Amino acid sequence: MLVLVDKIKILRVITRLNIGGPAQHVTFIEEGLDKGSFESKLVFGAVDNNEGDMSFLARERGLYLIEIPELSNQSGLIANLIALFKLYRVTKKEKPHIVHLHLLKARILGGLAAKLAGVPIIIETFHGNLFREYYGFLKTSIILILEKFVGNFVADWIIAISPSQKEELVQNGVANADKIRVINIGLELERFLNIRDKSGEFKNELGLRDNVLLVGIVGRLVPIKGHTYFLEAAKEVLEVIKDLSPIRSGIRFLVVGDGELRRELEEYCKELGIGDFVIFTGWRVDLERIYTDMDVVVLSSLNEGTPVSIIEAMASEKAVVATRVGGVPDVVEDGVSGLLVSPKDPKALAQAIIRLLNDPELRAVLGREGRKRVYPKYDVRTLVKNMKDFYHDLIEKNTQGSNSS
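What follows is the structure, encoded as structure tokens:
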């Protein structure tokens, strides 16, 4: 039972801090919570093999970190039980007013630990949707059963990061609509607002001429991101313009990121005969330099919560082409702030790319409108304000309920 508190104590639990939106999301929230009103600690597990580690972002910002290596996406049954015990022990020790859970394993194990420890308020955030395209039927069914259990019997509140995600959670029976709050993700978008002074730096690094057109995709090299469709679209683009040799020689396709499919995708480029036109950059932290030199930014995902790379590209005033999946249509309005195509359709992806490459004015218009759509809506300061208001509101309601009883 809660009483009025000087500081709201929060224990935030995330499965791992791998490179991607969720790690940035939790780091930015933790950093943004003012120390006068909040006392927050971040619990995390080990990153998976072949993943980029983004825990440096949290360490650089001086966050209070508690590492539980067993809370790993790849851990087996024994390690999971150890993680559950450690989570319970940490939760009992810290006595938080709120436990806030991020990513699948943290939602399940962290939720159980918080419930057993008697935490007054348990919140879980869904960063993506694991019910489509990620796994086969059996594993997806098991995940859905677990999510329903946590959503209906463990968590007090659920945060969806887009309206479409909330609708999907309700449709899948994860929780009732009145239990789900939509709070958009927040990114450090100001770094992308004034990047023209960096124009040409990245092309110069790659040894490319200024007039070369760059079409890029940014993200983890994992199956759900659909990179094979991007590469097939690249081949289609090159085939369509094969008679226009000046343009053909002036186009390059960028794959920014790394992951388990790196070698496979590089080999696939060779099979498609486009190896000379595709550049794999690996993980990069200087995304401002990269976005400013891109002409078209592509998302070929089979499923997506809220597309971080597309939001960053739109903040950079770049034209985007994205698949119409998950929360993408909540960010990109087709024909207004970008172009949307069906997933798993490289021809449609190629047609949209060609349309933008052939129309610099359309690229500029979509870029300007795109920035209006994402900034400041998806800026970190908006996220922090919304989250602080939500926490304060929950504590106030819980306190009122305790006093009335």
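Heads up: the sequence shown runs through residues 74 to 478, numbered per my numbering.
Cβ coordinates follow ideal geometry from the N, Cα and C atoms, glycine included.
Keep in mind the model is a prediction, meaning the values are calculated, not measured.
Inset, instruction - Pull up the CB-CB distance for L154 and L136, whole angstroms please, since I reckon it's below 8 angstroms. - result: Incorrect: roughly 27 angstroms between the Cβ atoms, too far for contact.
Legend entry - Cβ distance (whole Å) where V120 is taken to contact L90 below 8 angstroms: 7 angstroms
Inset, instruction - Decide if S214 is buried, meaning its Cβ has at least 16 other Cβ atoms within 10 Å, or exposed. - result: exposed
Legend entry - Span of the beta strand (DSSP E) around A392: A392 to T396
Legend entry - Counted within 10 angstroms of its Cβ, other Cβ atoms place Q97 as buried (16 or more) or exposed: buried
Inset, instruction - Using 10 angstroms around the beta-carbon of I87, count the other beta-carbons present and answer buried if the total reaches 16, otherwise exposed. - result: Per the 10 Å Cβ criterion, buried.
Legend entry - Start-to-end residues for the beta strand (DSSP E) that takes in T198: I194 to F199
Legend entry - C-alpha distance - F158 paired with A186, whole-angstrom precision: Cα to Cα, the separation comes out at about 8 angstroms.
Legend entry - Identity of the residue in A156, V223 and A395 nearest V291 by Cα: For the residues A156, V223 and A395, the minimum Cα distance to V291 belongs to A395.
Inset, instruction - Let me know the secondary structure DSSP gives S318 once reduced to three states. - result: Because the pLDDT at S318 is just 48, under 50, the model does not fix this residue reliably, and the value given afterwards should be weighed accordingly. DSSP places S318 in helix when its eight states are reduced to three.
Legend entry - CA-to-CA distance, G118 to I426, given in whole angstroms: Computed Cα separation, rounded: 39 angstroms.
Legend entry - CA-to-CA distance, R428 to A152, given in whole angstroms: 51 angstroms
Inset, instruction - Would you mind reading off the limits of the beta strand (DSSP E) that contains K82? - result: I81 to R89
Inset, instruction - Measuring alpha carbon to alpha carbon, tell me which of V285, L345, G280 and L260 ends up nearest T301. - result: L345
Inset, instruction - Entirely within the segment 256-331 and at least 4 residues each: give me those alpha helix (DSSP H) ranges in chain order. - result: 274-279, 300-313 and 318-321
Inset, instruction - Indicate the three-state DSSP secondary structure (helix, strand or coil) for F204 in the structure shown. - result: coil
Inset, instruction - Just the C-alpha distance for K371 and W230, rounded to the nearest angstrom, thanks. - result: A small fix is needed here, since residue 371 is Val in this sequence, not Lys. Approximately 34 angstroms, taken between the alpha carbons.
Inset, instruction - Would you mind giving the Cβ-Cβ distance between R362 and K271, rounded to the nearest angstrom? I have them listed as a contact below 8 angstroms. - result: 5 angstroms
Inset, instruction - Indicate whether P419 and E312 have their beta-carbon atoms separated by less than 9 angstroms. - result: Judged by their CB atoms, P419 and E312 are not nearer to each other than the 9 angstroms cut-off.
Inset, instruction - May I have the straight-line CA-CA distance separating I468 from T379, to the nearest angstrom? - result: So the alpha carbons of these two residues sit roughly 28 angstroms apart.
Legend entry - Simplified DSSP state of D366, which is helix, strand or coil: helix
Legend entry - Neighbourhood of F111 by C-beta, 7 angstroms cutoff - its chain only, sequence neighbours within 5 removed: Cβ neighbours of F111 beyond the five flanking positions: K80, I81 and I83.
Legend entry - Outcome for F101 when other beta-carbon atoms lying within 10 angstroms are tallied against a minimum of 16: buried
Inset, instruction - Could you work out which residue in L360, E385 and T198 is closest to R85 when comparing CA atoms only? - result: T198
Legend entry - Bridge partner(s) assigned by DSSP for V438: Answer is none; V438 lacks a bridge partner.
Legend entry - Residues bridged to I216 (per DSSP): Paired residue(s): none; I216 is not in a bridge.
Inset, instruction - Go ahead and label Q244 buried or exposed: buried means 16 or more other beta carbons lie within 10 angstroms of its beta carbon, across all protein chains shown. - result: exposed
Inset, instruction - Please list, in chain order, all residues of the same chain as P296 whose beta carbon is under 6 angstroms from its beta carbon, the five residues on each side excluded. - result: Answer for P296: no residue qualifies.
Inset, instruction - Between the Cα of V393 and those of E104, Y208, L435 and F463, spot the shortest distance and give me the residue it belongs to. - result: L435
Inset, instruction - If I'm right that V369 touches I383 with Cβ under 8 angstroms, what's the distance once you round it to whole angstroms? - result: The Cβ separation is near 12 angstroms, so there is no contact.
Inset, instruction - Could you tell me whether the segment 256-263 touches the segment 449-460, where touching means 3 or more Cβ pairs closer than 8 angstroms? - result: yes
Legend entry - For A131, the first and last residue of its enclosing alpha helix (DSSP H): S128 to E133
Inset, instruction - State the DSSP-derived secondary structure class of D432, mapped to helix, strand or coil. - result: Three-state DSSP puts D432 in coil, outside helix and strand.
Inset, instruction - Specify the secondary structure class of L355 as computed by DSSP and reduced to three states. - result: Checking the displayed sequence, the identity of residue 355 turns out to be Gly instead of Leu. Three-state result, G355: strand.
Legend entry - Interface flag, L219 vs chain C, CB-CB below 9 angstroms: Looking for chain C here will not work: only one protein chain is present.
Legend entry - Residues bridged to I253 (per DSSP): I231
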